[in-house]
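What follows is the structure, given as structure tokens:
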């Protein structure tokens, strides 16, 4: 809704949070109950294993499911639904690569890390062997889009309009704590004043750790 976490001095906005929770409660009432206990992989597996459901949103994108032969069915991916119609608001995370301080061959390990991060590898063997690339050239590659039925081309706006997960000390704990409050409210079917109080507590803990 245009108010990213951490954008203002308060980190999270009371009024916006209330509007978001109201929307999410309405949305949660329309989806199957198993969604409350399923992760993105499990939802993807349901989509490819039966004809009971046709659509899931929002959902993390995994290129494996958009490739021929990975499962009996191929999933088609598109931009994340958004309030502004421009596919903004998703969160960009992902994994990286590093060289261990205990490596017996750090120079070779560093060369491999550089290669795996390069456009040459990412728009070639890395993605061809079911890797999920971060390099833009791989996302724009006609061949990479051919082997994933347009996964990258169809979701690029979502990536460009996403906000990057903050690298603050304590952020994973904050995100986990907030998500538990939201999840419990959606399962309960109500957003309480105490939920906001708990969110504020998690916010204060994050701010305190980030300032250390």
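In the working numbering, the protein residues as written are -15 to 196.
For glycine and all other residues, C-beta sits at the position ideal for the given N, C-alpha and C.
Computed from a predicted structure; not experimentally measured.
Check whether the Cβ atoms of residue i and residue j lie closer than 8 Å to each other.
i: residue 76; j: residue 143; result: yes
i: residue 89; j: residue 107; result: no
i: residue 81; j: residue 97; result: yes
i: residue 117; j: residue 74; result: no
i: residue 111; j: residue 63; result: no
i: residue -5; j: residue 151; result: no
i: residue 9; j: residue 175; result: yes
May I ask which residues mark the beginning and end of the alpha helix (DSSP H) holding residue i?
i: residue 198; result: Nothing about residue 198 can be read from this structure; the chain reaches only from -15 to 196.
i: residue 1; result: -2 to 12
i: residue 165; result: 155 to 172
i: residue 248; result: In the structure as shown, the chain starts at -15 and stops at 196, and residue 248 therefore has no counterpart that could be examined.
i: residue 113; result: No alpha helix (DSSP H) contains residue 113, which DSSP labels as neither H nor E.
i: residue 140; result: 135 to 144
i: residue 54; result: First-last for residue 54: undefined, no H or E at that position.
i: residue 24; result: 24 to 33
i: residue 20; result: First-last for residue 20: undefined, no H or E at that position.
i: residue 131; result: 126 to 131
Could you give the C-beta distance for residue i and residue j, rounded to a whole number, given that I count them as a contact under 8 Å?
i: residue 47; j: residue 145; result: Actually they do not touch by this definition, with Cβ atoms about 19 Å apart.
i: residue 129; j: residue 137; result: 5 Å
i: residue -13; j: residue -3; result: 5 Å
Please work out which residues of its chain come closer than 6 Å, Cβ to Cβ, to residue i, disregarding the five sequence neighbours upstream and downstream, and give them in chain order.
i: residue 99; result: 105
i: residue 67; result: -15
i: residue 190; result: 154, 158
i: residue 135; result: 47, 50, 61
i: residue 87; result: 93
i: residue 200; result: Nothing in the structure corresponds to residue 200, since the chain is present only between -15 and 196.
i: residue 65; result: 41
i: residue 149; result: 75, 77
Can you grab the Cα-Cα spacing for the pair residue i / residue j, in whole Å?
i: residue 164; j: residue 154; result: 16 Å
i: residue 133; j: residue 141; result: 16 Å
i: residue 212; j: residue 85; result: The structure shown has nothing for residue 212, since the chain only spans -15 to 196.
i: residue 185; j: residue 162; result: 10 Å
i: residue 21; j: residue 27; result: 10 Å
i: residue 38; j: residue 32; result: 9 Å
i: residue 147; j: residue 35; result: 34 Å
i: residue -9; j: residue 109; result: 38 Å
i: residue 44; j: residue 182; result: 27 Å
i: residue 173; j: residue 40; result: 20 Å
i: residue 2; j: residue 114; result: 40 Å
i: residue 160; j: residue 192; result: 17 Å
Excluding sequence positions up to five away, which residues of its chain have a Cβ less than 8 Å from the Cβ of residue i?
i: residue 25; result: 46
i: residue 19; result: 12, 27
i: residue 78; result: 116, 118
i: residue 83; result: 90, 93, 94, 97
Can you name, in chain order, every residue of its own chain whose Cβ lies under 7 Å from the Cβ of residue i, other than the five neighbours on each side?
i: residue 52; result: 58
i: residue 179; result: 165, 169
i: residue 125; result: 107
i: residue 56; result: 32
i: residue 0; result: -15, -13
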